[in-house]
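Novice: UniProt numbering numbers the first residue of the sequence shown as 1 and each following residue consecutively. Positions of the beta carbon are idealized from the N, C-alpha and C atoms, including for glycine.
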Amino acid sequence: MARYSDDFRREVIAAARQSHEPRSHIAQRFGIAPATLNNWLSEFYAENPEELEADHQRLQDEQARLLAEEEELRNQLPWLR
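1. Ignore the nearest five residues each way along the sequence and tell me which others in Leu37's own chain have a CB closer than 7 Å to its CB.
2. Could you check the C-alpha separation between Tyr45 and Glu51 for me, to the nearest Å?
3. Mapping DSSP to helix, strand and coil, what is Ile32?
4. What's the gap between the Cα of Glu69 and the Cα of Ala14?
5. Report the three-state DSSP secondary structure of Tyr45 (helix, strand or coil).
6. Can you check which of these residues, Tyr4, Ser19, Glu43, is closest to Leu59 by C-alpha distance?
7. Tell me whether Ala2 sits in a helix, a strand or coil according to DSSP, three-state version.
Dropping the structure here:
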């Protein structure tokens with residue numbers, strides 16, 4: 001079983017939290033199993049529930065922004081409806 005440094009784990013977790021890529025792509029980019037990344041993220045969020053809430057809020061804000069942008073584009077281009 002491979003042992004990864006804490007710095008490496010922090011780097012991978014940060015990349016996963018900041019990226020819009022699927023977790024499997026991030027895991028592949030860092031050369032780890034997707035299940036390992038999922039375990040690390042689960043542990044991270046269990047130890048830092050405020051970060052889970054912050055990430056959730058960030059994603060909700062982004063979703064609202066994208067929906068507003070979509071609506072604006074639909075209004076500009078009515079033939080898309």
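Specialist: So, from the listed chains and residues:
1. Around Leu37: Val12, Ala16, Arg23, Ile26, Ala27.
2. 7 Å
3. coil
4. 27 Å
5. Assigned with DSSP and collapsed to three states, Tyr45 falls in helix.
6. Ser19
7. coil
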